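Peer 1: Chains as they are written, first to last, in our numbering: chain A, 41 to 378; chain B, 41 to 378; chain C, 41 to 378; chain D, 41 to 378.
First the structure, which I've put down as structure tokens, then a few questions once you've had a look.
There are 4 protein chains.
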Amino acid sequence: MQLGMIGLGRMGANMVERLLAAGHDCVVYDAHAAAMMDLVGKGAEGSDSLEAFVRKLEKPRLVWLMLPAAVVDPVLDDLTPLLEPGDIVVDGGNSYYHDDLRRAEALRPRAVHYVDVGVSGGVWGRERGYCLMIGGEEPILQHLDPIFRTLAPGVEAAPRTTGASGPPEPAEWGYLHCGPHGAGHFVKMVHNGIEYALMAAYAEGFNILRHADAGLVKRDKDAETTPLRHPERYAYDIDIARVAELWRRGSVVGSWLLDLSAHALRASPDLAAFSGRVSDSGEGRWTLQAAIEEGVPAPVIGAALFNRFESRGSADFANRLLSALRWEFGGHQEKPKP
Amino acid sequence: MQLGMIGLGRMGANMVERLLAAGHDCVVYDAHAAAMMDLVGKGAEGSDSLEAFVRKLEKPRLVWLMLPAAVVDPVLDDLTPLLEPGDIVVDGGNSYYHDDLRRAEALRPRAVHYVDVGVSGGVWGRERGYCLMIGGEEPILQHLDPIFRTLAPGVEAAPRTTGASGPPEPAEWGYLHCGPHGAGHFVKMVHNGIEYALMAAYAEGFNILRHADAGLVKRDKDAETTPLRHPERYAYDIDIARVAELWRRGSVVGSWLLDLSAHALRASPDLAAFSGRVSDSGEGRWTLQAAIEEGVPAPVIGAALFNRFESRGSADFANRLLSALRWEFGGHQEKPKP
Amino acid sequence: MQLGMIGLGRMGANMVERLLAAGHDCVVYDAHAAAMMDLVGKGAEGSDSLEAFVRKLEKPRLVWLMLPAAVVDPVLDDLTPLLEPGDIVVDGGNSYYHDDLRRAEALRPRAVHYVDVGVSGGVWGRERGYCLMIGGEEPILQHLDPIFRTLAPGVEAAPRTTGASGPPEPAEWGYLHCGPHGAGHFVKMVHNGIEYALMAAYAEGFNILRHADAGLVKRDKDAETTPLRHPERYAYDIDIARVAELWRRGSVVGSWLLDLSAHALRASPDLAAFSGRVSDSGEGRWTLQAAIEEGVPAPVIGAALFNRFESRGSADFANRLLSALRWEFGGHQEKPKP
Amino acid sequence: MQLGMIGLGRMGANMVERLLAAGHDCVVYDAHAAAMMDLVGKGAEGSDSLEAFVRKLEKPRLVWLMLPAAVVDPVLDDLTPLLEPGDIVVDGGNSYYHDDLRRAEALRPRAVHYVDVGVSGGVWGRERGYCLMIGGEEPILQHLDPIFRTLAPGVEAAPRTTGASGPPEPAEWGYLHCGPHGAGHFVKMVHNGIEYALMAAYAEGFNILRHADAGLVKRDKDAETTPLRHPERYAYDIDIARVAELWRRGSVVGSWLLDLSAHALRASPDLAAFSGRVSDSGEGRWTLQAAIEEGVPAPVIGAALFNRFESRGSADFANRLLSALRWEFGGHQEKPKP
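Next up, the structure:
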């Protein structure tokens, strides 16, 4: 099947490679021409311009956008006039699902079909396959099935769930029609919200293990430092890289994120190459906002999100107010920053 | 190697089976004689009494306790006088590591060696193997290596971490000497704290997906109900059993807990057999208390723990006070419970 | 000064009374004619219709809306065509500040001035005065100063802050021009977010005191119930109504909410008239959403908000999944709901 | 009535002054002789040694300890042999109530009575009076009533709660017999837990107001920075010192902590003298641990406590792991620390 890919960053380029390897035809376009060269060498057809790109596609055209969220709308503005009724645009990036609803509405009068696909798998996807969460019209998604099946990891990527029988359904291949427009990115959004919380769960746990030597550390003896009543209970020097490795086999907390933790900690038990300023790219925020609008509690995801904000210093003023209040009512002197 | 097992519940019996299958000799004892019959049929040697049990063990004896935490101390009281210098007692249950420190101290004058082993793997361990977190004296642990290696899942249970080379080390087999007395249960405690948070992460996420139809639900229109400003954004009817299945392949949130979620949701998408009263068996509490004593933040694990408390109604009085205050300052009438 | 009030519920009627008592002229209108009768008896001028209401106002007209948030826009739709350039509309209800921005924009072409006022004080405001958080154009707010000064509690309502000197400024009277359109409701929104968290702080604390008898309560002895290691440390039967009274004098936690807690607990220490289903009327949600958009952590306000959601049963499915997972991996039976 | 005070720091010295002013006799002792001079000038009787101090007290002696928690036990070790049956020791510091239980037990064989008093009021207590939370034996507390009444703020310190009638009871004076040994410090502990959460509520709220200009700040445009979708909604420059002043009159969030916030922010709107490293002196930790042992949720107090830990950098390793994981699965580059 033929597919046109716009956006040849880490994700887009890898997806094209996976599609080419399975025998699909790929026309590619990227504002940075250099990004195309490597793929052309591997069998993709490059394009000098957006117009050329569109011309090379057979009708009904299939255009897959793999772009930073902020760039999707400008590219769509340029692309849409070149499309014809029946053409299909897939947004495989990390768009907010509100934008999907708006874009599907805007394309409807032109009879251009819009599909939103949340893609998980990161830099490993070319090899492992991509988990695809899809929103859009059912007949269009049927039409795209060969593409989805190629990109997805496949049934063998995990043991079959007990109770499943018959020919594997798409979810077991690793792709799913989640619902109408926006449903794909909605599910991907929540996926990332869960991801934030899973990551924080490991991070907190490993941090507690790392500080299991608190009883061996010299503590200030002053009114501003809580004494540790039983230092002998915190006299452990735990090799957390090995613990991460250990838990990968047979434990309840095994996961892909744990596999990655084991890899990172093996390479550098202190993770000294990182400063601990943790970015967020939006999905965790949106997940929490969805929870709020639905009236559903999400304290764990919320704590994970706020923790990232704090890692970036955005609680500084709040903390200064706490110190100021302690000074106001109790005359407590603030201790210097470590 | 010979091992004596006391406590033949779900965990103990399965572990004996796994040891027998690998050719170890097992002497077993349980207050409920019936529990022994099945294992005797499979090759274990049963015992009429604790005394008989001890007599059947070769010196230095190896006694493994697989008992509810509350029963360990009484059994130890009966067992200890029967033991001799050089004998080894392993506590493989879910003891609080504070108890390990105390017990090791109490056994020291008798030259009986104490080993604490945190065991993860649940009802699946017989087949998958058990992840073993071990605390105690190095020479004793060396001596027990054949037992640990049999119980552990083995190297093949997970792909080798990139960067690991040479003969696999114990952590890669699924067992680890974590440190001195108590270190095994300390690491297991934190493991369970992480487990609480991982579970909560999925639970919150699936709950948000389940309520993605909030815009389709009729809402009361009164001053006590926040209106949903964009109901059209919450018009999804998401098949969360299929989403759980989907995420098992290629996504960032894949894990064993997700595998189990997919299984549970496939069998019953509404989970109607459960009421949502969530127990906790202590490790989550202890993890949070360790974090507090170390002065290390654990907001995600904390939220997961408190959530369980709330599921059991223990916030009821606090909530009544909130309603009372809303009445006091604003004349807000409480809405009836659903 | 003359003011026209639309909306004579608890808040609107009390505000008119306070204004009348200070010598202002009030024209009143409410869809429910009965609501006007009492105020007409106290000196207000009633209106048969919105048209009559507008006719009775001197130009430039001052119309103050004190309406449920959901009704403001429909009333504005009817009212706006009756207004003339230079007229002023004040929204004193609990509008979302996004709506203020939109409405000010919509009224601008007609040269009708829009003012948003967040009002705190609840049912006590008639007597104590209202704390007014105001957004809008400076000259308009200058013009309304006599109204604000009358409604506000006045300088004597609190001791002057050390360091303040000269004639008291508006904030010391209890009203403040917070910024342009929307700023009033923005500050009121955050006020309510803080209020949620303050309420939760007391609720949690009193709940901990109330359960200080946990060691006297019989506990189940089973694997699903964490034993209390030191029941003798939880053998207190604390009179929390008296504690609330106590803390009102000299403690660090004294506040108006504590005064109200003391009142509620004195009347009914068990608060048995309440079921603990806690509503929220939107501001806490919006505060958290603002924090998220600003990238600023708000874990305490977030926990308070999510707690309210949980009190309404919206975590039920999430909790069922937790129980299901405990069954899946550990064979843990769920205990019955209390 | 005669009272002997050991420990003449900020708290002890002020309490002696308040007692002297009311006509009580005070014998004082402090390891630092200089601390006594000022009080001797105001009418207290100084002591050269602990022995001299004890000798000057009439029997049954009343000894009040106002010492850092870590010093109470050593001083008691020196003091106890000097005491006689019937003497009374009061610990008015910030002891953990577990220690009260132990000490009362240890003194019982000598027939020395132990009383624990949690004292709130900080540096303002001399003038405002102290809120006293008291644990011990009823007859002893009756005997001490004149002391408590003098130290407490008195009935006039707050308006009487509606519904209260007859002669004011002790709680209305500002002191309360909370229960047996330890109950005083237990209630004080929870008081401080609430205090942490109240402080955090204001800190978060003011921080959200301070960042209401997020839409005016230039943001990076990259995949690691979530775009702000509606910058025009975050275009406020709010004078938070004035907002703090404003809320002191008529609002629902009025409190003594708000009064102090208004004072601190008036003096320095940026609080630039503080770095935001927030200490904790133990009570918040103990409150959370009590909640955990009781099985009662305390997510708001917990978030407030963990926030303080984070302000001291103790999440750093956890945050580095988050950055490492983002690099592992997504190739996300960490942004430099601000």
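Ideal Cβ positions, reconstructed from N, Cα and C, are used throughout, including at glycine.
All of these numbers come straight from a predicted model, not from anything done at the bench.
Just to confirm before moving on: does the CB-CB distance between VAL152(B) and SER135(B) stay below 7 angstroms?
Peer 2: As a working mapping, residue 152(B) is identified with position 112 in the second sequence. As a working mapping, residue 135(B) is identified with position 95 in the second sequence. Cβ distance not < 7 angstroms, so VAL152(B) and SER135(B) don't count as in contact.
Peer 1: Just to check my reading of the structure: HIS251(C) and VAL336(D) have Cβ atoms closer than 8 angstroms, yes? What is that Cβ distance to the nearest angstrom?
Peer 2: One-based indexing of the third sequence puts residue 251(C) at position 211. One-based indexing of the fourth sequence puts residue 336(D) at position 296. At roughly 5 angstroms, the Cβ-Cβ gap stays under 8 angstroms, so HIS251(C) and VAL336(D) are in contact.
Peer 1: Measure the Cβ-Cβ separation of ALA237(B) and ALA344(B) and say whether it is below 7 angstroms.
Peer 2: Counted from its first residue, the second sequence places residue 237(B) at position 197. Counted from its first residue, the second sequence places residue 344(B) at position 304. Yes.
Peer 1: Between SER160(B) and chain A, is there a C-beta pair that is closer than 7 angstroms?
Peer 2: Walking along the second sequence from the start, residue 160(B) turns up at place 120. So yes, SER160(B) belongs to the interface.
Peer 1: Between ASN247(B) and chain C, is the shortest Cβ-Cβ distance under 7 angstroms, so that the two count as touching?
Peer 2: Position 207 of the second sequence, counted from the first residue, corresponds to residue 247(B). So yes, ASN247(B) belongs to the interface.
Peer 1: Figure out for me which residue from PRO210(D), ALA243(D), LEU141(D) and GLU285(D) has the closest Cα to the Cα of GLU209(C).
Peer 2: As a first step, residue 209(C) must be located in the third sequence, where it is residue number 169. Nearest of PRO210(D), ALA243(D), LEU141(D) and GLU285(D) to GLU209(C), Cα basis: GLU285(D).
Peer 1: Taking the alpha-carbon of LEU122(B) as reference, which of HIS221(B), LYS99(B) and ALA144(B) has the nearest alpha-carbon?
Peer 2: Translated into the one-based positions of the second sequence, residue 122(B) becomes position 82. Closest by alpha carbon: LYS99(B).
Peer 1: Rounded to whole angstroms, what's the CA-CA distance from VAL163(A) to SER291(B)? Just pull it up for me.
Peer 2: Here residue 163(A) is taken as the residue at index 123 of the first sequence, counted from 1. Here residue 291(B) is taken as the residue at index 251 of the second sequence, counted from 1. It is roughly 11 angstroms from the alpha-carbon of VAL163(A) to the alpha-carbon of SER291(B).
Peer 1: Below 7 angstroms between beta carbons: does that hold for GLY86(C) and VAL68(C)?
Peer 2: Working through the third sequence from its first residue, we reach residue 86(C) at position 46. Working through the third sequence from its first residue, we reach residue 68(C) at position 28. It is a contact, given that the beta carbons lie within the stated cut-off.
Peer 1: Check whether the Cβ of LEU362(D) lies closer than 7 angstroms to any Cβ atom in chain A.
Peer 2: The residue labelled residue 362(D) in the question sits at position 322 within the fourth sequence. Output row for LEU362(D): interface = yes.
Peer 1: Specify the secondary structure class of LEU238(A) as computed by DSSP and reduced to three states.
Peer 2: As a working note, residue 238(A) is residue 198 in the first sequence. Three-state DSSP puts LEU238(A) in a helix.
Peer 1: If I follow the unbroken beta strand (DSSP E) through SER301(D), where does it start and stop?
Peer 2: Locating residue 301(D) in the fourth sequence gives position 261, counting from the first residue. First-last for SER301(D): 296-307, but that is the alpha helix (DSSP H), not the beta strand (DSSP E).
Peer 1: Report yes or no: do three or more beta-carbon pairs, one from the region 287-303 of chain D and one from the region 201-218 of chain C, lie closer than 8 angstroms?
Peer 2: yes
Peer 1: Quick one: any contact between the region 358-366 of chain C and the region 308-324 of chain B, if contact means 3 or more CB pairs under 8 angstroms?
Peer 2: yes
Peer 1: Quick one: residues in its chain with C-beta nearer than 8 angstroms to the C-beta of GLU57(C), no 5 flanking neighbours on either side, listed in chain order?
Peer 2: Here residue 57(C) refers to the residue found at position 17 of the third sequence. Take GLU57(C), set aside five residues on each side of it, and the residues of its chain with a beta-carbon closer than 8 angstroms to its own are LEU79, LYS82 and ARG166, in chain order.
Peer 1: Please confirm if the region 239-248 of chain D is in contact with the region 257-275 of chain D, defined as three or more CB-CB distances below 8 angstroms between the two stretches.
Peer 2: no
Peer 1: Would you call the CB atoms of PRO193(B) and GLY169(B) closer than 7 angstroms?
Peer 2: On the second sequence, position 153 is the one that residue 193(B) refers to. On the second sequence, position 129 is the one that residue 169(B) refers to. Cβ atoms of PRO193(B) and GLY169(B): closer than 7 angstroms.
Peer 1: Going by alpha carbons, who is nearest to VAL195(B) out of ARG142(B), CYS171(B), GLY175(B) and TRP104(B)?
Peer 2: Within the second sequence, the letter at position 155 stands for residue 195(B). Residue CYS171(B) is the option with its Cα nearest to VAL195(B).
Peer 1: Taking 7 angstroms as the limit between beta carbons, can you name the residues of its chain near GLY214(B), skipping five residues before and five after?
Peer 2: For this step, residue 214(B) is matched to residue 174 along the second sequence. GLY169, CYS171, LEU172, ALA192, PRO193, GLY194 and ALA197.
Peer 1: Since PRO225(A) meets chain B, which of its residues come closer than 8 angstroms, beta carbon to beta carbon?
Peer 2: Within the first sequence, the letter at position 185 stands for residue 225(A). Residue identity differs from the one stated: residue 225(A) is His in this sequence, not Pro. Ordered by position in chain B, no residue passes the 8 angstroms Cβ test against HIS225(A), which lies about 11 angstroms from the chain.
Peer 1: Express the C-alpha separation of ALA75(C) and GLY52(C) in angstroms, rounding to a whole number.
Peer 2: For this step, residue 52(C) is matched to residue 12 along the third sequence. For this step, residue 75(C) is matched to residue 35 along the third sequence. Between GLY52(C) and ALA75(C), the C-alpha separation is close to 10 angstroms.
Peer 1: I'd like to know whether the C-beta atoms of LEU43(A) and LEU105(A) end up nearer to each other than 7 angstroms.
Peer 2: Here the question's residue 43(A) lines up with position 3 in the first sequence. Here the question's residue 105(A) lines up with position 65 in the first sequence. Against a cut-off of 7 angstroms, the Cβ pair of LEU105(A) and LEU43(A) comes out as no contact.
Peer 1: List the endpoints of the continuous beta strand (DSSP E) containing GLN42(D).
Peer 2: Counting from one through the fourth sequence, the residue named residue 42(D) turns up at place 2. First-last of the beta strand (DSSP E) with GLN42(D): 42-46.
Peer 1: Would you identify the three-state DSSP class for TYR274(A), choosing helix, strand or coil?
Peer 2: The residue you call residue 274(A) lines up with position 234 of the first sequence. TYR274(A) sits in coil when the DSSP states are folded into three classes, being neither helix nor strand.
Peer 1: Any beta carbon from chain C within less than 7 angstroms of VAL292(D)'s own beta carbon?
Peer 2: If you number the fourth sequence from 1, residue 292(D) lands on position 252. At least one chain C Cβ lies under 7 angstroms of VAL292(D).
Peer 1: Give the residues from the region 296-309 of chain A that approach chain D closer than 7 angstroms (Cβ to any Cβ), ordered along the chain.
Peer 2: LEU297, LEU300, SER301, HIS303 and ALA304
Peer 1: Can you list, in chain order, the residues of its chain with a C-beta nearer than 7 angstroms to that of ARG148(C)? Leave out the 5 residues immediately preceding and following it.
Peer 2: The count along the third sequence starts at 1 and reaches residue 148(C) at position 108. Once the five neighbours on either side are set aside, ARG148(C) has no close Cβ partner at all.
Peer 1: Opposite ASP156(A) in the DSSP bridges: which residues?
Peer 2: Looking up residue 156(A) in the first sequence gives position 116. Looking at the DSSP assignment, ASP156(A) forms a beta bridge with ASP131(A) and GLY175(A).
Peer 1: I'd like to confirm the pairing. Which residues does DSSP put opposite TYR170(B) in its beta bridges?
Peer 2: Start at 1 with the first residue of the second sequence, and residue 170(B) comes out as number 130. In DSSP, TYR170(B) forms no bridge with anything.
Peer 1: Could you spell out where the alpha helix (DSSP H) holding VAL257(C) opens and where it closes?
Peer 2: In the third sequence, counting from the first residue as 1, residue 257(C) sits at position 217. Here VAL257(C) belongs to no alpha helix (DSSP H), and DSSP marks it neither H nor E.
Peer 1: Select from the region 238-264 of chain A all residues with a C-beta closer than 8 angstroms to any C-beta belonging to chain D, and list them in chain order.
Peer 2: MET239, ALA240, TYR242, ALA243, GLU244, PHE246, ASN247, ARG250, HIS251, LYS261, ALA263 and GLU264
Peer 1: With a CB to CB cut of under 8 angstroms and the five nearest residues on each side skipped, what residues in its chain are close to ASP65(B)?
Peer 2: Along the second sequence, one-based indexing puts residue 65(B) at 25. Within the same chain, ASP65(B) has close Cβ partners MET41, GLN42, LEU43 and GLU85.
Peer 1: Drop a sphere of 10 angstroms on the beta-carbon of ASP260(D), count the other beta-carbons inside from all chains shown, and report buried for 16 or more, exposed for fewer.
Peer 2: For the purposes of this step, residue 260(D) is taken as residue 220 along the fourth sequence, with counting starting at 1. With fewer than 16 other Cβ atoms within 10 Å, it is exposed.
Peer 1: Taking just the CA atoms, how far does VAL340(C) sit from GLY175(B)?
Peer 2: Stepping through the second sequence from its first residue, residue 175(B) is reached at position 135. Stepping through the third sequence from its first residue, residue 340(C) is reached at position 300. C-alpha separation (whole angstroms): 38 angstroms.
Peer 1: Quick check: GLU350(C) and GLU350(B), are their CB atoms within less than 7 angstroms of each other?
Peer 2: For the purposes of this step, residue 350(C) is identified with residue 310 of the third sequence, where counting begins at 1. For the purposes of this step, residue 350(B) is identified with residue 310 of the second sequence, where counting begins at 1. Yes. Within cutoff.
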